[in-house]
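Please read the structure below before turning to the comments.
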Amino acid sequence: MQKQAVIIVGHGSKSNQAVEDFNFIVKLLKEKLNERTVYGAHMELASPSLEEVVGEIAHSDINKVLVIPYFLFNGNHIKEDIPEILAQLKEKYPHLDFHFGKPIGREPLMAEIMYRKVQEIA
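Using my numbering, you'd call the opening residue of the sequence shown number 725 and step up by one each time.
Structure, rendered in structure tokens:
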């Protein structure tokens with residue numbers, strides 16, 4: 725049986741508030757997925773990086789890694805950067821089975837969230 729970890733990967737920011745907001749989302753997901761190990765990682769400007777988190781996971785009994793992007797759209801990080809990093813990590817840690825999810829994208833719940841934001845200031 726494969727033991728799984730979930731990595732939520734975001735853009736990263738120099739803003740402490742932005743990093744705290746990201747960590748809040750990761751914490752909420754940890755609560756929802758209490759049977760799994762959940763990590764947050766950043767592409768740039770904040771720590772830990774995706775490489776650092778996978779390095780930590782690689783030395784545990786986890787063998788399946790679900791990488792979920794906390795991005796709205798299919799930009800360059802999704803289409804190029806993260807797949808390249810995951811390919812390098814797969815070479816470095818061949819015992820890990822990586823699965824890369826899709827960005828939020830055309831999620832209907834986003835329209836509901838935006839509707840609420842409009843109502844807050846209307």
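Where a beta carbon is used, it is the ideal one built from N, C-alpha and C, also for glycine. Everything numeric in this text was worked out from a predicted model, so none of it was measured.
query                                                                                                                        : result
Beta-carbon proximity check, residue 768 vs residue 736, cutoff 7 Å                                                          : yes
7 Å CB neighbourhood of residue 802 in its chain, flanking five on each side removed                                         : 793, 795 and 827
Touching by the beta-carbon criterion (3+ pairs, under 8 Å), the stretch 750-767 and the stretch 726-742                     : yes
As assigned by DSSP and simplified to three states, the class of residue 839                                                 : helix
Exposed unless 16 or more other CB atoms sit within 10 angstroms - verdict on residue 789                                    : buried
Counted within 10 angstroms of its Cβ, other Cβ atoms place residue 746 as buried (16 or more) or exposed                    : buried
Residue 762 vs residue 752 beta-carbon contact at 7 Å                                                                        : no
For residue 790, the residue or residues it bridges with in DSSP                                                             : 730 and 823
Neighbourhood of residue 814 by C-beta distance below 8 Å, restricted to the same chain and skipping five residues each side : 820 and 822
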